[in-house]
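The listed protein sequences derive, respectively, from chains R and E.
Per our numbering, the very first residue in the first sequence carries number 14; after that it's consecutive.
Per our numbering, the very first residue in the second sequence carries number 14; after that it's consecutive.
Protein chains: 2
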Amino acid sequence: MKLNDVSVQGLTIRTWRAWIDAALTGAMSSRPLFNVRPGRDDRFDAIFIGGGAAGRFGAAYLRAMGGRPLIVESFPFLGGSCPHVACVPHHLFSDCAAELMLARTFAGRLWFPPMDGVVVSIREVVELFRRGRTGPHAVMNYQTKEQLDVEFVLNAPAHIVNARTVEVAGRRFSGRALVLATGARARKLDIPGAGLRGVFDYASFVNDLDYEPGNTIVVVGGGKTAVEYASFFNATGRRVVMVTRGRLLAAIPDAETRAYVIDRLVEQGVEVHEGAELLELRDGGDGRVGSAVLRVGGERVVEATDFVFAAIGEIPNSETAVRALGVETNAAGAILVDECLQTSVPGVYAVGDLIGPPMEMFKARKSGTYAARAIMGEAVSFRPASHPDFLHTHYEVSWLGPGEEEARARYPRLVTLRLPPDTPDGLHVGLPAGDRVMLYALAKPHLSGFQKLLVDGASRRIVGAHHVGYGAKDAFQYLNKLVRDGITIDELGDLDELFLNPTYFIQLARLRSGAKELIGI
Amino acid sequence: MKLNDVSVQGLTIRTWRAWIDAALTGAMSSRPLFNVRPGRDDRFDAIFIGGGAAGRFGAAYLRAMGGRPLIVESFPFLGGSCPHVACVPHHLFSDCAAELMLARTFAGRLWFPPMDGVVVSIREVVELFRRGRTGPHAVMNYQTKEQLDVEFVLNAPAHIVNARTVEVAGRRFSGRALVLATGARARKLDIPGAGLRGVFDYASFVNDLDYEPGNTIVVVGGGKTAVEYASFFNATGRRVVMVTRGRLLAAIPDAETRAYVIDRLVEQGVEVHEGAELLELRDGGDGRVGSAVLRVGGERVVEATDFVFAAIGEIPNSETAVRALGVETNAAGAILVDECLQTSVPGVYAVGDLIGPPMEMFKARKSGTYAARAIMGEAVSFRPASHPDFLHTHYEVSWLGPGEEEARARYPRLVTLRLPPDTPDGLHVGLPAGDRVMLYALAKPHLSGFQKLLVDGASRRIVGAHHVGYGAKDAFQYLNKLVRDGITIDELGDLDELFLNPTYFIQLARLRSGAKELIGI
């Protein structure tokens, strides 16, 4: 077979980038790329269908354990939707939202230009992303081949022959196990007009946007993704109308934290309609949406708009595997797995977004590695423990553990340590202050963030933490481990803070930990 | 005595702010303020001389334990030099440096204005700080009085009568113990012309600047403070000439990390002269410095400048206590203390910067609380363990543990996990990517940061971590605890990352931890 086989060459990141660029622009789109060792039979320990976070980490882990994995990926790059249309662009847009809020708040002062009436090009940001994204793609391919020593086939769909065999570009591969890792996709709107141009989800927005959105944007949904993109659109200087059937940001467990987040969102000008609905999209006359019909507070409202963004959930890409193998799913289409990530079909595993929520990166990657361990004969049990979480508005919002209300029910002697202080003028004092909120803290203090630590006064253990600001999200990863391990307020207060720290938890803990009977602050 | 006694009133943050403003602008500068309970004798468990970080946290802790502390502070606010002239303005200037580097990098693109030739007013930033700083000051006074229930005297110097007694504004107080917490001050230049106007340290810069510095700034020193302020001055659009006798940023333990930091500093235009010296400052004709005479590479160089910033170290403010009590000091003027923070004079303790390095916030605050515990009868031993550390350039630079060189000597099977990848084109790939580096990662990848994790392949324990970027500094506080407790690469890889995380340590660990024989990445 005359196929593009790169298994014996070392490829630089630069070479990969050029190849991915060509493949994505269509020049080589029909040509699969094989990185499969010659001279060995095509038998693997596991074949991963899908080389996104779950498949790639699973394959890497299996390889590190000494096994032989194969990844089959239809994109010309590994890493999946995250670097192509999901987490990476989301972070770019959220960075822009944070920067633009700062620029608008200080417009005309210091070095910030006047921003009154300035509408920032959304298209330019999207195009900057499209140009840049092949860089990280190339690193993934390079790392997976040269550093992680994993074999793969790119730019070609996998056809599942049976529970042990896949066919890719006419070539058959078999493995002791099959790992399904085909991810999830955005749920589409199911209303009249949903098929019009100008209706986007996170993926089509990045891939397909070919015009500059007008002045009003309608965002459907009230979860993380809806708010993250709404904040960006708002920060560009557009009117943003959010429509959600339920409560906005119900994911934020602490009521006061949630209120701070929503208050700031509304202060930035986002129009939020809870308990509302998008009923219909109408053609503007050119096949693109021209207006949106909403139900808001029992009234029908028509908004003129040429850009609608839907973030109403995710659907696991399970259909192909169900058809080919009969693996069982739940009602939401998520493939059912046991604690070893094995599906209802012996020897067939499923990982990542495909098995349902939480559809988060850590779960995707870890489920991949746990499947690998199971396949390599380890007795594993993948039961995600209480994990930290985050979202972006114009801010980074991070949390772990329950909110104050739930914690108070669970721990009668709960105490809270918080900033700003819980006083009538507390919101207008320059604390918290820390990296990237200093201009706010000194000149617009109510914008400098909010944070709260929950402590069980009986056991003295930290039970929850909540933060709105910048620079704390990373910390929650490690703090969550300390909290899971039972860290007390006394131990927390004995840590060494790097002041001014975005989380003031260490020093607040220290101020109070001298007392036998804890009180809040 | 007709003194200003506020002990029986509740004071709001707003009231405190007005009073501090008045006191600082001189309107009430001679009037001490007493927050001392009436109807109790003036006998305390401990009198803290100095209400900065060390004294305030010590007093709060002692009070939480049930003791009765008194703070005597010559400023009209608690919190000391940190919120007034040190850490807080430093963080403001560092935020400005980060924002300005971004604005200059993307000038004329997206929403960023053209920045060519734009010189940002330093004075405006300083004045913004001066106006804003009384906010955090007010919170400290409020918190200390209303929430922490600590008594204090403000706006009045303490005269040490003996090891148990101080006199403040004509009133005597005595305690079972005296805690010296008077901090440190910037070392002054000792060269001809050092007394000219236009020569600043971090404190006088914030307090005294009354003109707009010209186009060239000379910074003397090569440590954290020198680089932090040099980066800010550079970011404003000025030429910055750094002169240091030794190596720049020798504090950064990892050579590759240090090189990345210095390369970026030089790329931003900072002129660095190592092994160089400031010899003399010359009068510009108006009593202000007009030029600086340097020794650079054996040559005498004259730089025209009207602004010189000296960051050549700190001197403990120990003289008064030495004179009054005869407490012993080391050659650098730091007061000698035992593991209970007790000085050579029984019953007299010393805490904070006054006892020498590390002159960091965590040490100041913790030494205060350990002294409080000792005074209240606890058997304590204050021996700072290996602590995390950080500095700012235009970036946040954070580290814990040794650098690669030292670690390699200590752990023969050391492996490193790093980003960007260690390849010829590695610096020019869009990783690491994460909060606040997304524009760099996608459009100027070599500016998106550097990170490295050190793992002992034998024990599999994490032994060091190094990060240049944003949003990781806070994490190092908690990660340091995990590392001290012996976390392994396997346990780290099992944490739940919040992707895109500024530190990629969790996922890099997971990619490699499947292997029995660890290898780097």
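Beta carbons: idealized from backbone N, C-alpha and C, even for Gly.
- A distance below 9 Å separates the beta carbons of alanine 194 of chain R and alanine 363 of chain R.
- By the neighbour-count criterion, in which 16 or more other beta carbons inside 10 Å mark a residue as buried, valine 283 of chain R falls on the buried side.
- Listed along chain E are Gly527, Ala528, Lys529, each with a C-beta nearer than 9 Å to that of methionine 78 of chain R.
- Taking the C-beta atoms as reference points, aspartate 267 of chain R is found nearer than 9 Å to glycine 477 of chain R.
- Taking a beta-carbon distance threshold of 9 Å, proline 401 of chain R counts as an interface residue toward chain E.
- Annotation note: the region 342-396 of chain R contains the following uninterrupted alpha helix (DSSP H) runs of length 4 or greater, listed N- to C-terminal: 374-388.
- Nearest in C-alpha terms to leucine 354 of chain R, of all of R:Asp366, R:Ala384, R:Arg336, R:Asn330, is R:Ala384.
- At a cut-off of 9 Å, the C-beta of asparagine 154 of chain R has no neighbouring C-beta in chain E.
- Taking lysine 379 of chain R as the centre and dropping the five residues before and after it, the same chain places the C-beta of Phe70, Phe395, Pro397 closer than 8 Å to its C-beta, in chain order.
- Annotation for alanine 171 of chain R: Ile62, Val85, Val179, Val181 place their beta carbon closer than 6 Å to its own, counting only its chain and skipping 5 residues before and after.
- Counting other Cβ atoms within 10 Å of its Cβ, proline 437 of chain E stays below 16 and is therefore classed as exposed.
- With respect to the 9 Å criterion, glycine 499 of chain E and aspartate 448 of chain E are not classified as neighbours on the basis of their beta carbons.
- Glycine 416 of chain R has its alpha-carbon roughly 36 Å from the corresponding atom of phenylalanine 165 of chain E.
- By the neighbour-count criterion, in which a residue is buried when 16 or more other Cβ atoms sit within 10 angstroms of its Cβ, serine 399 of chain R is exposed.
- Look at glutamate 332 of chain E here: in three-state DSSP terms it is helix.
- Excluding residues up to 5 positions away in sequence, Ile26 lie with their Cβ nearer than 7 Å to the Cβ of valine 152 of chain E in the same chain.
- Within the region 473-493 of chain E, those residues whose Cβ lies closer than 8 Å to any Cβ of chain R are, in chain order, Tyr483, Gly484, Ala485, Lys486, Asp487, Ala488, Phe489, Gln490, Tyr491, Leu492, Asn493.
- Between glycine 250 of chain E and valine 131 of chain E, the C-beta spacing is below 9 Å.
- Apart from sequence neighbours up to five positions away, the residues of its chain that approach tyrosine 74 of chain R with a beta-carbon distance below 6 Å are Thr382, Ala385, ordered along the chain.
- Using a Cβ-Cβ cut-off of 7 Å, glutamate 137 of chain R is close to Leu123 of chain E, given in chain order.
- Interface criterion met: the Cβ of alanine 456 of chain E is under 9 Å from a Cβ in chain R.
- For methionine 451 of chain E, at least one C-beta of chain R is nearer than 9 Å to its own C-beta.
- In terms of Cβ geometry, proline 401 of chain R and leucine 495 of chain E do not form a close pair [threshold 9 Å].
- Closer than 9 Å to the CB of glutamate 269 of chain R there is not a single CB belonging to chain E.
- What leucine 161 of chain E touches in chain R, judged by beta-carbon distance under 7 Å, is Leu524, going in chain order.
- Under the three-state reduction of DSSP output, glycine 145 of chain R falls in the helix class.
- Taking 8 Å as the upper bound for CB-CB distance, valine 410 of chain E and valine 274 of chain E are in contact here, some 6 Å apart.
- With its beta carbon at least 9 Å from every one in chain E, glutamate 225 of chain R lies outside the interface.
- In the three-state reduction of the DSSP assignment, histidine 103 of chain R falls in the helix class, which pools H, G and I.
- By the neighbour-count criterion, in which 16 or more other beta carbons inside 10 Å mark a residue as buried, lysine 465 of chain R falls on the buried side.
- For leucine 444 of chain R, the neighbours in chain E by C-beta distance under 7 Å run, in chain order, Pro149, Val152.
- Between isoleucine 502 of chain E and arginine 473 of chain E, the gap from beta carbon to beta carbon is short of 9 Å.
- Sorting E:Ser107, E:Phe57, E:Asn48 by C-alpha distance to the C-alpha of leucine 91 of chain E places E:Asn48 at the top.
- Think of a sphere of 8 Å around the beta carbon of asparagine 514 of chain E: the chain R residues whose beta carbon falls inside it are Lys486, Asp487, Gln490, in chain order.
- Contact annotation: in the region 92-104 of chain E, residues whose CB is within less than 7 Å of a CB in chain R are Cys100, Val101, His104.
- In this structure proline 433 of chain R is in contact with proline 445 of chain R, their Cβ atoms being roughly 7 Å apart against a cut-off of 8 Å.
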